[in-house]
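Visitor:
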Amino acid sequence: MASTMSLTINNLPTSGAPSDQVYVCLLGNDPSAPDTSFGYLDFATGQAVFSDKTSWAMDSATMATTLDQITFPLAVPAINSGRIYFSVGAPFPAFPASGPTASKDNATLFDKIEFDSGSNPNINGTSVDFYGISYVISGTDVNDGAVQYGFDKSRSEIIGALTSIPASTPATQESGNTGIFAQTVVEGAAAKAETPILRVLAPKTMGLSDWGATEKEFVFWATACSHFLDAYVTQHCFRPNRAFSFYDKTYTPAGPNTTYYGTTDADGTLSLWTDAAHTQPYTPVPTLAPPCAPWPLPSMKPPPPHVPSNYHNVNGTQDEIDWGFLLLGNSVGTGAADHWGNDPLCMAIMVSICRGVMHLDDGTTSWVDASQYYQGAGVPTSDTDAPLPPVSTEDLPIFYYASVLHEKGLDGKAYVLSYDDVYGSNPSIFFAGHPDVTIDLHGLDTVMA
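Just so we're aligned: the sequence shown equals residues 2 to 450 in the numbering used here.
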(Lines of atoms letter the chains of each structure in order from A and count residues from 1; the text may use other names and numbers.)
(Lines give C-alpha, C1' and ligand atoms only; values in the text may rest on other atoms or scores of the structure.)
Protein backbone atom coordinates (compact mmCIF):
# COMPACT_ATOMS: atom_id res chain seq x y z
CA MET A 1 0.00 0.00 0.00
CA ALA A 2 1.30 3.45 -0.90
CA SER A 3 2.06 5.98 1.81
CA THR A 4 -1.03 7.82 3.04
CA MET A 5 0.78 10.18 5.44
CA SER A 6 3.43 12.79 4.78
CA LEU A 7 4.67 13.71 8.24
CA THR A 8 6.52 16.82 9.39
CA ILE A 9 7.68 17.26 12.98
CA ASN A 10 8.74 20.74 14.07
CA ASN A 11 10.63 21.21 17.30
CA LEU A 12 9.75 24.80 18.14
CA PRO A 13 12.59 27.04 19.41
CA THR A 14 10.67 27.54 22.66
CA SER A 15 10.01 23.83 23.27
CA GLY A 16 12.66 23.51 25.93
CA ALA A 17 14.82 20.76 24.40
CA PRO A 18 17.20 20.69 21.39
CA SER A 19 16.38 18.39 18.48
CA ASP A 20 19.48 16.26 19.06
CA GLN A 21 18.01 15.33 22.45
CA VAL A 22 14.57 14.37 21.14
CA TYR A 23 14.42 10.69 20.16
CA VAL A 24 11.70 9.48 17.81
CA CYS A 25 10.38 6.12 16.62
CA LEU A 26 7.32 5.05 14.62
CA LEU A 27 5.93 1.64 15.54
CA GLY A 28 2.84 -0.38 14.71
CA ASN A 29 1.14 -3.40 13.21
CA ASP A 30 1.66 -4.91 9.80
CA PRO A 31 -1.58 -4.18 7.87
CA SER A 32 -1.39 -7.61 6.24
CA ALA A 33 -1.08 -9.45 9.57
CA PRO A 34 -2.07 -7.04 12.36
CA ASP A 35 -2.56 -9.72 15.00
CA THR A 36 0.82 -11.37 14.64
CA SER A 37 3.25 -8.96 12.99
CA PHE A 38 4.67 -5.77 14.51
CA GLY A 39 7.45 -3.46 13.51
CA TYR A 40 9.07 -0.08 13.07
CA LEU A 41 9.83 2.52 10.43
CA ASP A 42 13.44 2.26 9.30
CA PHE A 43 14.45 5.91 8.92
CA ALA A 44 17.39 4.98 6.67
CA THR A 45 15.33 3.11 4.06
CA GLY A 46 11.89 4.63 4.60
CA GLN A 47 10.44 1.12 4.83
CA ALA A 48 8.49 -0.57 7.60
CA VAL A 49 10.28 -3.59 9.05
CA PHE A 50 7.90 -6.15 10.59
CA SER A 51 8.55 -9.30 12.60
CA ASP A 52 6.78 -11.63 15.04
CA LYS A 53 4.83 -9.56 17.54
CA THR A 54 5.30 -11.87 20.52
CA SER A 55 9.09 -11.72 20.38
CA TRP A 56 9.46 -8.14 19.17
CA ALA A 57 11.55 -5.86 21.38
CA MET A 58 12.48 -2.20 21.06
CA ASP A 59 16.12 -1.50 20.15
CA SER A 60 16.60 2.25 20.28
CA ALA A 61 19.95 2.10 18.47
CA THR A 62 18.42 0.68 15.28
CA MET A 63 14.72 1.59 15.49
CA ALA A 64 14.89 5.22 16.65
CA THR A 65 16.82 8.37 15.88
CA THR A 66 16.92 11.98 16.99
CA LEU A 67 14.86 14.68 15.31
CA ASP A 68 17.89 16.44 13.86
CA GLN A 69 18.72 13.30 11.85
CA ILE A 70 15.36 13.10 10.04
CA THR A 71 14.60 14.78 6.73
CA PHE A 72 11.04 16.06 6.59
CA PRO A 73 8.45 15.61 5.23
CA LEU A 74 8.63 11.91 5.99
CA ALA A 75 6.65 9.51 3.81
CA VAL A 76 5.16 7.05 6.31
CA PRO A 77 4.40 3.60 4.85
CA ALA A 78 1.23 1.70 5.71
CA ILE A 79 1.16 0.95 9.44
CA ASN A 80 -1.93 0.01 11.45
CA SER A 81 -2.53 1.00 15.08
CA GLY A 82 0.68 2.97 14.93
CA ARG A 83 2.37 5.03 17.60
CA ILE A 84 4.85 7.87 17.30
CA TYR A 85 6.95 7.84 20.46
CA PHE A 86 9.07 10.73 21.69
CA SER A 87 11.76 10.38 24.35
CA VAL A 88 13.42 13.53 25.67
CA GLY A 89 17.01 13.53 26.85
CA ALA A 90 17.67 9.79 26.60
CA PRO A 91 17.22 6.90 24.14
CA PHE A 92 14.25 4.59 24.55
CA PRO A 93 14.62 1.69 26.96
CA ALA A 94 13.81 -1.79 25.71
CA PHE A 95 10.10 -2.57 25.67
CA PRO A 96 7.71 -5.06 24.00
CA ALA A 97 5.18 -4.44 21.23
CA SER A 98 2.63 -3.29 23.81
CA GLY A 99 4.80 -0.24 24.45
CA PRO A 100 6.82 1.20 27.34
CA THR A 101 5.32 1.20 30.79
CA ALA A 102 4.18 4.58 32.10
CA SER A 103 4.48 3.51 35.74
CA LYS A 104 6.91 4.94 38.24
CA ASP A 105 9.66 2.43 37.48
CA ASN A 106 10.20 3.96 34.01
CA ALA A 107 12.63 6.88 34.41
CA THR A 108 12.27 8.09 30.80
CA LEU A 109 10.48 11.31 29.84
CA PHE A 110 8.36 10.09 26.95
CA ASP A 111 4.99 10.42 25.27
CA LYS A 112 3.12 9.02 22.29
CA ILE A 113 0.81 9.95 19.44
CA GLU A 114 -1.45 7.36 17.81
CA PHE A 115 -1.85 7.07 14.05
CA ASP A 116 -2.94 4.80 11.23
CA SER A 117 -1.38 5.20 7.80
CA GLY A 118 -3.15 2.16 6.37
CA SER A 119 -6.65 1.91 4.94
CA ASN A 120 -8.20 4.35 7.45
CA PRO A 121 -5.62 7.13 7.77
CA ASN A 122 -5.96 9.12 10.98
CA ILE A 123 -3.87 10.57 13.79
CA ASN A 124 -4.63 11.65 17.34
CA GLY A 125 -2.88 12.72 20.47
CA THR A 126 -3.86 10.94 23.65
CA SER A 127 -3.69 11.65 27.36
CA VAL A 128 -5.89 8.68 28.27
CA ASP A 129 -2.97 7.04 30.08
CA PHE A 130 -0.81 10.02 31.09
CA TYR A 131 0.37 13.52 30.23
CA GLY A 132 4.02 13.72 29.23
CA ILE A 133 4.80 16.46 26.70
CA SER A 134 2.92 19.21 24.84
CA TYR A 135 2.36 19.09 21.10
CA VAL A 136 -0.15 20.26 18.49
CA ILE A 137 -1.19 18.07 15.55
CA SER A 138 -2.41 19.86 12.41
CA GLY A 139 -3.85 18.60 9.15
CA THR A 140 -6.76 18.67 6.73
CA ASP A 141 -9.64 16.31 7.39
CA VAL A 142 -11.85 14.39 4.99
CA ASN A 143 -14.26 17.34 4.91
CA ASP A 144 -11.46 19.57 3.56
CA GLY A 145 -11.30 21.50 6.82
CA ALA A 146 -8.09 22.61 8.49
CA VAL A 147 -8.04 21.16 12.01
CA GLN A 148 -5.64 21.01 14.92
CA TYR A 149 -5.68 19.39 18.33
CA GLY A 150 -3.34 19.25 21.28
CA PHE A 151 -1.59 21.44 23.82
CA ASP A 152 0.29 24.60 22.90
CA LYS A 153 1.21 25.25 26.54
CA SER A 154 4.57 24.45 28.12
CA ARG A 155 5.02 21.39 30.30
CA SER A 156 5.67 23.79 33.17
CA GLU A 157 2.22 25.32 32.86
CA ILE A 158 0.32 22.06 32.48
CA ILE A 159 2.22 20.10 35.11
CA GLY A 160 1.98 23.12 37.39
CA ALA A 161 -1.80 22.94 37.10
CA LEU A 162 -1.88 19.17 37.58
CA THR A 163 0.26 19.42 40.72
CA SER A 164 -1.67 22.33 42.25
CA ILE A 165 -4.95 20.50 42.77
CA PRO A 166 -6.45 21.36 46.16
CA ALA A 167 -6.32 18.40 48.53
CA SER A 168 -9.36 17.19 50.42
CA THR A 169 -9.67 17.83 54.13
CA PRO A 170 -9.36 15.60 56.02
CA ALA A 171 -6.74 13.65 54.10
CA THR A 172 -8.49 10.43 55.18
CA GLN A 173 -11.72 11.37 53.36
CA GLU A 174 -13.16 8.19 51.86
CA SER A 175 -15.17 9.52 48.91
CA GLY A 176 -14.22 12.32 46.54
CA ASN A 177 -10.70 12.48 48.00
CA THR A 178 -8.72 14.73 45.64
CA GLY A 179 -5.53 13.67 47.38
CA ILE A 180 -5.43 10.82 44.85
CA PHE A 181 -4.12 13.22 42.20
CA ALA A 182 -0.97 14.07 44.18
CA GLN A 183 -0.04 10.39 44.06
CA THR A 184 -0.08 10.23 40.24
CA VAL A 185 3.02 12.38 39.67
CA VAL A 186 5.99 10.40 38.31
CA GLU A 187 9.37 11.79 39.27
CA GLY A 188 12.77 10.88 37.83
CA ALA A 189 16.14 10.48 39.47
CA ALA A 190 17.22 13.34 41.70
CA ALA A 191 19.51 15.93 40.13
CA LYS A 192 21.30 17.97 42.79
CA ALA A 193 18.58 19.02 45.26
CA GLU A 194 15.71 18.75 42.80
CA THR A 195 13.84 15.93 41.09
CA PRO A 196 12.41 16.20 37.56
CA ILE A 197 8.76 15.40 36.94
CA LEU A 198 8.52 12.97 34.03
CA ARG A 199 4.74 12.71 33.61
CA VAL A 200 1.43 12.74 35.41
CA LEU A 201 -0.55 9.52 35.21
CA ALA A 202 -4.26 9.11 34.75
CA PRO A 203 -5.48 7.38 37.93
CA LYS A 204 -6.47 4.32 35.88
CA THR A 205 -2.83 3.89 34.78
CA MET A 206 -1.45 3.58 38.30
CA GLY A 207 -0.01 0.27 39.39
CA LEU A 208 -0.99 -0.73 42.91
CA SER A 209 2.45 0.02 44.36
CA ASP A 210 2.52 3.38 42.53
CA TRP A 211 0.02 4.65 45.11
CA GLY A 212 2.54 4.72 47.96
CA ALA A 213 5.88 3.63 49.37
CA THR A 214 4.35 1.34 52.00
CA GLU A 215 1.52 -1.16 51.89
CA LYS A 216 -0.53 1.00 54.23
CA GLU A 217 -0.15 3.98 51.89
CA PHE A 218 -0.82 2.24 48.60
CA VAL A 219 -3.79 0.28 49.95
CA PHE A 220 -5.41 3.48 51.27
CA TRP A 221 -4.92 5.55 48.11
CA ALA A 222 -5.93 2.72 45.78
CA THR A 223 -9.07 2.29 47.88
CA ALA A 224 -9.71 6.06 47.83
CA CYS A 225 -9.48 6.03 44.04
CA SER A 226 -11.85 3.07 43.86
CA HIS A 227 -14.37 5.03 45.98
CA PHE A 228 -13.75 8.49 44.46
CA LEU A 229 -17.24 8.68 42.92
CA ASP A 230 -19.23 6.79 45.57
CA ALA A 231 -20.98 9.67 47.32
CA TYR A 232 -21.73 11.37 44.01
CA VAL A 233 -23.25 8.17 42.65
CA THR A 234 -25.39 7.34 45.67
CA GLN A 235 -26.43 10.82 46.82
CA HIS A 236 -27.01 12.45 43.46
CA CYS A 237 -26.94 10.18 40.40
CA PHE A 238 -28.81 7.16 41.82
CA ARG A 239 -30.72 9.08 44.48
CA PRO A 240 -34.15 7.57 45.21
CA ASN A 241 -37.23 8.53 43.23
CA ARG A 242 -35.42 10.41 40.50
CA ALA A 243 -36.57 10.81 36.86
CA PHE A 244 -34.41 12.10 34.01
CA SER A 245 -33.95 12.07 30.24
CA PHE A 246 -30.80 11.74 28.13
CA TYR A 247 -29.29 10.64 24.82
CA ASP A 248 -27.17 7.57 24.20
CA LYS A 249 -23.54 7.66 23.06
CA THR A 250 -24.47 8.07 19.39
CA TYR A 251 -25.69 11.64 19.98
CA THR A 252 -24.68 14.23 17.38
CA PRO A 253 -25.39 17.98 17.56
CA ALA A 254 -27.00 17.88 14.12
CA GLY A 255 -29.38 15.08 15.11
CA PRO A 256 -31.80 13.47 14.88
CA ASN A 257 -31.25 11.85 18.28
CA THR A 258 -33.35 9.40 20.28
CA THR A 259 -34.29 10.39 23.82
CA TYR A 260 -34.11 7.77 26.57
CA TYR A 261 -35.36 7.97 30.14
CA GLY A 262 -34.28 6.86 33.58
CA THR A 263 -36.02 6.48 36.92
CA THR A 264 -34.75 5.34 40.30
CA ASP A 265 -36.72 3.47 42.92
CA ALA A 266 -36.50 3.76 46.70
CA ASP A 267 -33.29 1.73 46.98
CA GLY A 268 -31.54 3.59 44.17
CA THR A 269 -31.91 0.94 41.48
CA LEU A 270 -32.00 2.66 38.09
CA SER A 271 -34.53 1.60 35.46
CA LEU A 272 -34.05 2.59 31.81
CA TRP A 273 -36.96 3.33 29.47
CA THR A 274 -37.55 4.12 25.83
CA ASP A 275 -40.67 6.24 26.43
CA ALA A 276 -41.47 9.32 28.51
CA ALA A 277 -44.31 7.51 30.29
CA HIS A 278 -41.83 4.92 31.61
CA THR A 279 -43.85 1.97 30.32
CA GLN A 280 -41.43 0.50 27.76
CA PRO A 281 -38.23 -0.87 29.32
CA TYR A 282 -34.92 -0.57 27.52
CA THR A 283 -34.64 -4.31 27.03
CA PRO A 284 -30.84 -4.67 26.56
CA VAL A 285 -30.28 -3.23 30.06
CA PRO A 286 -33.59 -2.73 31.91
CA THR A 287 -31.96 -1.91 35.28
CA LEU A 288 -28.63 -0.84 36.76
CA ALA A 289 -27.48 -0.99 40.36
CA PRO A 290 -25.45 1.94 41.73
CA PRO A 291 -21.83 1.44 40.56
CA CYS A 292 -20.14 1.38 43.95
CA ALA A 293 -19.33 -0.85 46.90
CA PRO A 294 -19.19 -0.14 50.65
CA TRP A 295 -15.85 1.14 51.95
CA PRO A 296 -13.28 -0.45 52.02
CA LEU A 297 -14.50 -3.07 49.55
CA PRO A 298 -13.12 -4.46 47.43
CA SER A 299 -10.05 -5.05 49.55
CA MET A 300 -6.88 -3.74 47.90
CA LYS A 301 -4.62 -5.51 50.38
CA PRO A 302 -2.47 -7.83 48.25
CA PRO A 303 -2.58 -11.49 49.25
CA PRO A 304 0.45 -13.73 48.75
CA PRO A 305 2.33 -13.62 46.45
CA HIS A 306 1.53 -9.90 46.54
CA VAL A 307 -0.70 -9.87 43.49
CA PRO A 308 -3.84 -7.84 44.18
CA SER A 309 -6.93 -9.86 43.34
CA ASN A 310 -9.29 -6.87 43.37
CA TYR A 311 -7.18 -3.94 42.15
CA HIS A 312 -8.47 -3.01 38.67
CA ASN A 313 -10.92 -5.89 38.87
CA VAL A 314 -13.96 -5.42 36.60
CA ASN A 315 -15.47 -8.90 36.93
CA GLY A 316 -17.61 -10.55 39.58
CA THR A 317 -19.98 -9.37 42.28
CA GLN A 318 -20.86 -5.81 43.30
CA ASP A 319 -18.38 -5.85 46.19
CA GLU A 320 -15.56 -7.33 44.08
CA ILE A 321 -15.54 -4.63 41.39
CA ASP A 322 -13.01 -1.78 41.46
CA TRP A 323 -15.68 0.75 40.53
CA GLY A 324 -13.39 3.76 40.45
CA PHE A 325 -11.20 2.05 37.88
CA LEU A 326 -14.19 0.86 35.87
CA LEU A 327 -15.84 4.29 35.71
CA LEU A 328 -12.83 6.60 35.45
CA GLY A 329 -11.08 4.13 33.16
CA ASN A 330 -14.18 3.73 30.96
CA SER A 331 -13.61 -0.01 31.18
CA VAL A 332 -15.59 -3.03 30.02
CA GLY A 333 -16.57 -5.55 32.68
CA THR A 334 -18.67 -8.62 33.37
CA GLY A 335 -20.91 -9.81 36.18
CA ALA A 336 -22.05 -6.83 38.24
CA ALA A 337 -19.98 -4.61 35.91
CA ASP A 338 -21.67 -5.88 32.76
CA HIS A 339 -22.98 -3.34 30.22
CA TRP A 340 -21.16 -0.31 31.63
CA GLY A 341 -18.43 -0.20 29.01
CA ASN A 342 -20.23 -1.56 25.96
CA ASP A 343 -23.91 -0.57 25.95
CA PRO A 344 -24.59 2.80 24.25
CA LEU A 345 -26.86 4.05 27.06
CA CYS A 346 -24.59 2.84 29.85
CA MET A 347 -21.54 4.37 28.17
CA ALA A 348 -23.28 7.75 28.06
CA ILE A 349 -24.21 7.43 31.74
CA MET A 350 -20.67 6.37 32.64
CA VAL A 351 -18.94 9.29 30.95
CA SER A 352 -21.51 11.71 32.40
CA ILE A 353 -20.71 10.43 35.90
CA CYS A 354 -17.02 11.09 35.26
CA ARG A 355 -17.81 14.60 33.99
CA GLY A 356 -20.00 15.38 37.00
CA VAL A 357 -23.27 16.03 35.16
CA MET A 358 -25.15 12.73 35.39
CA HIS A 359 -27.17 14.01 38.37
CA LEU A 360 -28.84 16.70 36.23
CA ASP A 361 -32.31 15.58 35.17
CA ASP A 362 -32.49 17.35 31.81
CA GLY A 363 -29.70 15.27 30.32
CA THR A 364 -30.69 16.09 26.76
CA THR A 365 -29.51 19.63 27.52
CA SER A 366 -27.05 19.50 30.40
CA TRP A 367 -25.21 16.23 29.71
CA VAL A 368 -24.25 17.42 26.24
CA ASP A 369 -23.14 20.89 27.40
CA ALA A 370 -19.35 20.86 27.82
CA SER A 371 -19.45 24.13 29.79
CA GLN A 372 -21.03 22.22 32.69
CA TYR A 373 -18.41 19.47 32.87
CA TYR A 374 -16.03 19.15 35.82
CA GLN A 375 -17.64 21.87 37.93
CA GLY A 376 -18.17 19.83 41.11
CA ALA A 377 -20.41 21.73 43.51
CA GLY A 378 -20.30 24.64 41.06
CA VAL A 379 -22.57 22.86 38.63
CA PRO A 380 -26.26 23.51 39.38
CA THR A 381 -27.92 20.74 41.40
CA SER A 382 -31.09 21.43 39.46
CA ASP A 383 -31.68 22.73 35.98
CA THR A 384 -32.85 26.12 37.27
CA ASP A 385 -30.09 26.95 39.79
CA ALA A 386 -27.41 29.48 38.87
CA PRO A 387 -23.86 28.08 38.49
CA LEU A 388 -21.19 28.69 41.12
CA PRO A 389 -17.38 28.64 40.81
CA PRO A 390 -15.98 25.11 40.37
CA VAL A 391 -15.24 23.41 43.68
CA SER A 392 -14.72 19.75 44.48
CA THR A 393 -16.56 18.28 47.46
CA GLU A 394 -16.98 14.81 48.90
CA ASP A 395 -20.30 14.25 47.15
CA LEU A 396 -19.68 16.46 44.08
CA PRO A 397 -16.05 15.72 43.21
CA ILE A 398 -14.11 17.03 40.24
CA PHE A 399 -12.06 14.59 38.18
CA TYR A 400 -9.21 17.08 37.98
CA TYR A 401 -6.96 15.04 35.70
CA ALA A 402 -9.53 15.44 32.92
CA SER A 403 -10.67 18.96 33.80
CA VAL A 404 -7.15 20.42 33.76
CA LEU A 405 -6.20 18.81 30.46
CA HIS A 406 -9.43 19.92 28.80
CA GLU A 407 -8.87 23.43 30.10
CA LYS A 408 -5.34 23.48 28.67
CA GLY A 409 -6.23 21.79 25.37
CA LEU A 410 -6.82 23.81 22.22
CA ASP A 411 -10.49 24.89 22.16
CA GLY A 412 -11.06 22.84 25.30
CA LYS A 413 -10.58 19.60 23.37
CA ALA A 414 -8.47 16.71 24.61
CA TYR A 415 -8.53 12.93 24.50
CA VAL A 416 -8.44 12.17 28.23
CA LEU A 417 -11.28 9.71 28.84
CA SER A 418 -11.56 6.72 26.54
CA TYR A 419 -15.11 7.90 25.78
CA ASP A 420 -14.27 11.59 25.40
CA ASP A 421 -15.95 11.52 22.00
CA VAL A 422 -19.32 10.74 23.64
CA TYR A 423 -21.37 13.97 23.41
CA GLY A 424 -18.25 15.64 22.02
CA SER A 425 -15.91 15.76 19.08
CA ASN A 426 -13.44 13.02 18.32
CA PRO A 427 -10.01 14.65 18.73
CA SER A 428 -8.66 12.65 15.79
CA ILE A 429 -7.82 13.92 12.34
CA PHE A 430 -9.13 11.60 9.63
CA PHE A 431 -7.02 12.76 6.72
CA ALA A 432 -7.82 10.41 3.80
CA GLY A 433 -6.93 12.28 0.61
CA HIS A 434 -4.95 14.90 2.55
CA PRO A 435 -1.66 13.22 3.51
CA ASP A 436 0.16 16.25 4.95
CA VAL A 437 0.26 16.08 8.75
CA THR A 438 2.32 18.33 11.02
CA ILE A 439 3.29 17.85 14.66
CA ASP A 440 4.62 20.94 16.45
CA LEU A 441 6.45 20.21 19.70
CA HIS A 442 5.55 22.97 22.17
CA GLY A 443 6.52 21.64 25.58
CA LEU A 444 9.56 19.46 26.23
CA ASP A 445 10.90 21.58 29.08
CA THR A 446 12.21 20.13 32.31
CA VAL A 447 9.89 20.59 35.28
CA MET A 448 11.25 20.12 38.78
CA ALA A 449 9.21 18.78 41.66
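Every residue gets a Cβ at the ideal spot worked out from N, C-alpha and C, and that includes glycine. Please read these numbers as outputs of a predicted model, since none were measured by experiment.
1) If the criterion is Cβ atoms closer than 7 Å, does the pair Cys-238 and Met-59 meet it?
2) Who are the near neighbours of Gly-213 in its chain, counting only those whose CB is closer than 6 Å to its CB and skipping five residues on each side?
3) Kindly list the residues whose CB is nearer than 8 Å to the CB of Gly-377, restricted to its own chain and excluding five residues on each side of it in sequence; keep chain order.
4) For Arg-200, count neighbouring Cβ atoms within 10 angstroms of its own Cβ and tell me buried if that reaches 16, exposed if not.
5) Name the DSSP bridge partner or partners of Val-186?
6) One question on the structure: do Val-187 and Lys-250 come within less than 7 Å of each other, judged by their Cβ atoms?
7) In its own chain, which residues sit with a C-beta less than 7 Å from the C-beta of Pro-285, not counting the 5 before and 5 after it?
8) Within 10 angstroms of the Cβ of Pro-299, are there 16 or more other Cβ atoms? Answer buried if so, exposed if not.
9) Would you say Thr-280 and Leu-271 are within 7 Å of each other, going by their C-beta atoms?
10) Put Met-6 into one of helix, strand or coil per three-state DSSP.
11) Whole angstroms is fine: what's the gap from Asp-363's alpha carbon to Leu-42's?
12) Is Asn-314 near Glu-321, with beta carbons less than 7 Å apart?
13) Relative to the alpha-carbon of Tyr-312, which residue among Thr-318, Asp-323, Pro-304 has its alpha-carbon at the smallest distance?
14) Looking only at C-alpha atoms, which of Thr-67, Val-23, Tyr-24, Arg-156 sits nearest to Leu-406?
15) Keeping to the same chain, check which residues put their C-beta closer than 7 Å to that of Val-234; ignore five residues upstream and five downstream.
16) Name, in chain order, the residues that DSSP records as bridge partners for Thr-66.
17) By alpha-carbon positions, which one of Gly-325, Tyr-283, Pro-282 ends up nearest to Pro-297?
18) Are Ile-198 and Ile-160 close, meaning C-beta to C-beta below 7 Å?
19) Could you name the residues that DSSP lists as bridge partners for Tyr-150?
20) Give the range of the alpha helix (DSSP H) segment to which Val-220 is assigned.
21) Please say whether Asn-123 and Asp-117 have beta carbons closer to each other than 7 Å?
22) From the DSSP secondary-structure annotation, give me the bridge partner or partners of Lys-113.
23) Beta-carbon within less than 6 Å of Ala-162's beta-carbon, same chain only, minus the 5 sequence neighbours each way: which residues are those?
24) When burial is assigned at 16 or more other CB atoms within 10 Å of the CB, is Ala-338 buried or exposed?
25) Gly-444 bridges to which residues according to DSSP?
26) Just to check my reading of the structure: Leu-442 and Tyr-136 have Cβ atoms closer than 8 Å, yes? What is that Cβ distance to the nearest angstrom?
27) Closest to Gly-413 by CA distance: which of Gln-149, Phe-51, Asn-12, Ala-108 is it?
28) When you compare each of Asn-427, Ala-450, Leu-445 to Pro-14 by their alpha carbons, which one comes out closest?
29) Please look up how many angstroms separate the CB atoms of Val-417 and Tyr-252, rounded, as I've assumed it's under 8 Å.
30) Does the Cβ-Cβ distance between Ala-98 and Phe-152 come in under 7 Å?
31) To the nearest angstrom, report how far apart Pro-309 and Gly-208 are at their CA atoms.
32) Nearest-angstrom Cα distance between Thr-259 and Thr-365?
33) Out of Val-129, Asn-81, Ala-95, Phe-245, point me to the one whose CA is closest to Tyr-420's CA.
34) For Tyr-375, I'd like the list of residues in its chain whose CB is within less than 8 Å of its CB, leaving aside the five on either flank, ordered along the chain.
35) Going by other Cβ atoms of all chains shown within 10 Å of its Cβ, with 16 needed for buried, is Gln-70 buried or exposed?
36) Is it true that the CB of Ile-80 sits closer than 7 Å to the CB of Ala-49?
Guide: In short, the structure shows the following:
1) To locate residue 238, count along the sequence shown from 1; it is residue 237. To locate residue 59, count along the sequence shown from 1; it is residue 58. Taking 7 Å as the Cβ cut-off, Cys-238 and Met-59 do not qualify as a contacting pair.
2) On the sequence shown, residue 213 is found 212 positions in, with the first residue counted as 1. These residues qualify, in order along the chain: Phe-219, Trp-222.
3) Numbered from its first residue, the sequence shown carries residue 377 at position 376. So the list reads Gly-357, Pro-391, Val-392, Ser-393, Thr-394, Leu-397, Pro-398, Ile-399, once near-sequence residues are dropped.
4) As a working mapping, residue 200 is identified with position 199 in the sequence shown. Looking at its Cβ environment, which holds 16 or more other Cβ atoms inside 10 Å, Arg-200 is buried.
5) Counting from one through the sequence shown, the residue named residue 186 turns up at place 185. Note: Val-186 sits in a beta bridge opposite Val-201.
6) If you number the sequence shown from 1, residue 187 lands on position 186. If you number the sequence shown from 1, residue 250 lands on position 249. Going by C-beta atoms, Val-187 is not nearer than 7 Å to Lys-250.
7) The residue given as residue 285 occupies position 284 in the sequence shown. Taken in chain order, the residues that qualify are Asp-344.
8) Position 298 of the sequence shown, counting from 1, holds the residue named residue 299. Looking at its Cβ environment, which holds 16 or more other Cβ atoms inside 10 Å, Pro-299 is buried.
9) In the sequence shown, residue 280 corresponds to position 279, counting from 1. In the sequence shown, residue 271 corresponds to position 270, counting from 1. No.
10) Start at 1 with the first residue of the sequence shown, and residue 6 comes out as number 5. Here Met-6 sits in strand by DSSP.
11) Working through the sequence shown from its first residue, we reach residue 363 at position 362. Working through the sequence shown from its first residue, we reach residue 42 at position 41. Answer to the nearest angstrom: the Cα atoms are 50 Å apart.
12) Position 313 of the sequence shown holds residue 314. Position 320 of the sequence shown holds residue 321. Yes, the pair counts as a contact, with Cβ atoms nearer than the cut-off.
13) Start at 1 with the first residue of the sequence shown, and residue 312 comes out as number 311. Nearest option by C-alpha distance: Asp-323.
14) Locating residue 406 in the sequence shown gives position 405, where the first residue counts as 1. When each option's Cα is compared against that of Leu-406, the closest is Arg-156.
15) Taking the first residue of the sequence shown as position 1, residue 234 is located at position 233. Result list for Val-234: Pro-291, Pro-292, Cys-293, Ile-354, in chain order.
16) Residue 66 sits at position 65 when you count from the first residue of the sequence shown. As DSSP reads the structure, Thr-66 sits in a beta bridge with Val-25.
17) Taking the sequence shown and counting its residues from 1, one reaches residue 297 at position 296. It is Gly-325 whose Cα lies nearest to the Cα of Pro-297.
18) Translated into positions along the sequence shown, residue 198 becomes position 197. Translated into positions along the sequence shown, residue 160 becomes position 159. Result yes, Cβ atoms of Ile-198 and Ile-160 sit closer than 7 Å.
19) Start at 1 with the first residue of the sequence shown, and residue 150 comes out as number 149. Per DSSP, the beta bridge partners of Tyr-150 are Ile-138.
20) Locating residue 220 in the sequence shown gives position 219, counting from the first residue. Unbroken alpha helix (DSSP H) run through Val-220: 216-227.
21) Numbered from 1 along the sequence shown, position 116 holds the residue referred to as residue 117. Numbered from 1 along the sequence shown, position 122 holds the residue referred to as residue 123. Yes; because the gap between Cβ atoms is below 7 Å, this pair is in contact.
22) Residue mapping note: residue 113 aligns to position 112 of the sequence shown, counting from 1. The partner list for Lys-113 (beta bridge, DSSP) reads Tyr-86.
23) Residue numbering aside, residue 162 sits at position 161 when the sequence shown is read from its first letter. Non-local beta-carbon contacts of Ala-162 in its own chain, meaning distances under 6 Å to residues more than five positions away in sequence, involve Val-405 in chain order.
24) The residue you call residue 338 lines up with position 337 of the sequence shown. Buried, since its Cβ has 16 or more Cβ neighbours within 10 Å.
25) Indexing the sequence shown from 1 puts residue 444 at position 443. In DSSP, Gly-444 forms a bridge with Ser-135.
26) What you label residue 442 is simply residue 441 of the sequence shown in a count that begins at 1. What you label residue 136 is simply residue 135 of the sequence shown in a count that begins at 1. That belief holds up - the Cβ atoms of Leu-442 and Tyr-136 are roughly 5 Å apart, short of 8 Å.
27) To locate residue 413, count along the sequence shown from 1; it is residue 412. Taking only the C-alpha atoms, the option nearest Gly-413 is Gln-149.
28) Numbered from its first residue, the sequence shown carries residue 14 at position 13. Looking only at Asn-427, Ala-450, Leu-445, the smallest Cα-Cα distance to Pro-14 is reached by Leu-445.
29) Residue 417 sits at position 416 when you count from the first residue of the sequence shown. Residue 252 sits at position 251 when you count from the first residue of the sequence shown. Rounded, the Cβ-Cβ distance is 19 Å, inconsistent with contact.
30) Numbered from its first residue, the sequence shown carries residue 98 at position 97. Numbered from its first residue, the sequence shown carries residue 152 at position 151. Taking 7 Å as the Cβ cut-off, Ala-98 and Phe-152 do not qualify as a contacting pair.
31) Locating residue 309 in the sequence shown gives position 308, where the first residue counts as 1. Locating residue 208 in the sequence shown gives position 207, where the first residue counts as 1. If you take the alpha carbons of Pro-309 and Gly-208, they lie about 10 Å apart.
32) Sequence index remark: in the sequence shown, residue 259 carries index 258 (1-based). Sequence index remark: in the sequence shown, residue 365 carries index 364 (1-based). Approximately 10 Å between the Cα atoms of the pair.
33) Against the sequence shown, residue 420 aligns to sequence position 419. Out of Val-129, Asn-81, Ala-95, Phe-245, Val-129 has the C-alpha closest to the C-alpha of Tyr-420.
34) Residue numbering aside, residue 375 sits at position 374 when the sequence shown is read from its first letter. Residues Arg-356, Gly-357, Pro-391, Ile-399, Phe-400, Tyr-401, Ala-403, Ser-404, His-407 of the same chain have their beta carbon placed closer than 8 Å to that of Tyr-375, with the five preceding and five following residues left out of the count.
35) On the sequence shown, residue 70 is found 69 positions in, with the first residue counted as 1. Exposed.
36) Here residue 49 is taken as the residue at index 48 of the sequence shown, counted from 1. Here residue 80 is taken as the residue at index 79 of the sequence shown, counted from 1. Going by C-beta atoms, Ala-49 is nearer than 7 Å to Ile-80.
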